[in-house]
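S.K.: In this note's numbering, the protein residues as written are 2 to 217. Where a beta carbon is used, it is the ideal one built from N, C-alpha and C, also for glycine. Just passing along the structure, written as structure tokens.
Right under this line is the structure:
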């Protein structure tokens, strides 16, 4: 099954997101993410439409929940999400409630480690709390993309992958030129946004990344 390619649909317009989702899916992105901006723009309709259009895909609701763990996970699960993201910085009680709700609906929880000071330590804690996946995420506003930045992130992915048994996701500035290093470090879920969504041909861009992943 692993590794898998997830496309982050960080759009404001739902129809544009769905067009890119379709192209990305044809190119090998079997996990389709209703990105945080898209959900803030159109709500759970984004999740519902992805579920309707792509019944065989894994639909991810990138809620980045910080509070009301049960309520938000229930909302996304009912809309058709398979995986719901929560913030790793959330209180442990919020994490527990999110996990408890996901189990009742048969969905999965991905904890986003964005801005966590010690991601390896927190990843271990989150695994103990019952989350299904952890994601090392470098936010759009702080991505540098130089060699030093890439090497640092690859090293952290490797340390997290060695520290936990659950699958590790990686997000933030991943391109066809760097994806092999990310997979080689142990990431199982490769989350790609602009390298696919802003490409002239999203299907070809997704396929190139997917094929590079398979060669590792």
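Would you grab the beta carbon distance between residue 207 and residue 176 for me? Rounded to a whole angstrom, and I think it's under 8 Å.
M.R.: One-based indexing of the chain shown puts residue 207 at position 206. One-based indexing of the chain shown puts residue 176 at position 175. Incorrect: roughly 12 Å between the Cβ atoms, too far for contact.
S.K.: Following the continuous alpha helix (DSSP H) through residue 71, name the residue where it begins and the one where it ends.
M.R.: Residue 71 sits at position 70 when you count from the first residue of the chain shown. Here the alpha helix (DSSP H) through residue 71 covers 70-80.
S.K.: Quick one: what's got a C-beta closer than 8 Å to residue 54's C-beta in the same chain, skipping five residues either side?
M.R.: The residue you call residue 54 lines up with position 53 of the chain shown. Excluding sequence neighbours, residue 54 sits near 19, 22 and 23.
S.K.: Do residue 158 and residue 172 have their CB atoms nearer than 8 Å?
M.R.: Stepping through the chain shown from its first residue, residue 158 is reached at position 157. Stepping through the chain shown from its first residue, residue 172 is reached at position 171. No, these two residues do not count as a Cβ contact at 8 Å.
S.K.: Once you ignore the five residues that flank residue 179 on each side, which residues in its own chain have a CB closer than 7 Å to its CB?
M.R.: Reading the chain shown from its first residue, position 178 is the one you call residue 179. Excluding residues within five positions, the ones whose Cβ falls inside 7 Å are 151.
S.K.: Per DSSP, which residues does residue 5 bridge with? Please list them.
M.R.: Against the chain shown, residue 5 aligns to sequence position 4. Bridge partners of residue 5: 190.
S.K.: Residue 35 and residue 58: beta carbons closer than 8 Å?
M.R.: Taking the first residue of the chain shown as position 1, residue 35 is located at position 34. Taking the first residue of the chain shown as position 1, residue 58 is located at position 57. Their beta carbons are not under 8 Å apart, which means residue 35 does not touch residue 58 by this criterion.
S.K.: Considering only DSSP beta bridges, list what residue 109 is partnered with.
M.R.: As a working note, residue 109 is residue 108 in the chain shown. DSSP lists 84 as partners of residue 109.
S.K.: Under the assumption that residue 118 contacts residue 161 (Cβ atoms under 8 Å), give the Cβ distance between them as a whole number of angstroms.
M.R.: Sequence index remark: in the chain shown, residue 118 carries index 117 (1-based). Sequence index remark: in the chain shown, residue 161 carries index 160 (1-based). In fact, because the Cβ distance is near 14 Å, the residues do not count as touching under 8 Å.
S.K.: Using alpha carbons as the reference points, say which of 114, 96, 156 and 11 lies closest to residue 132.
M.R.: As a first step, residue 132 is located in the chain shown; it is residue number 131 there, counting from the start. For the residues 114, 96, 156 and 11, the minimum Cα distance to residue 132 belongs to 96.
S.K.: Taking only the alpha-carbon atoms, compute the straight-line gap between residue 127 and residue 56 and give it to the nearest angstrom.
M.R.: To locate residue 127, count along the chain shown from 1; it is residue 126. To locate residue 56, count along the chain shown from 1; it is residue 55. Going by the C-alpha atoms only, they are around 29 Å apart.
S.K.: Do you know whose CA, among 73, 212, 93 and 4, lies nearest residue 84's CA?
M.R.: Looking up residue 84 in the chain shown gives position 83. Here the closest residue by C-alpha is 73.
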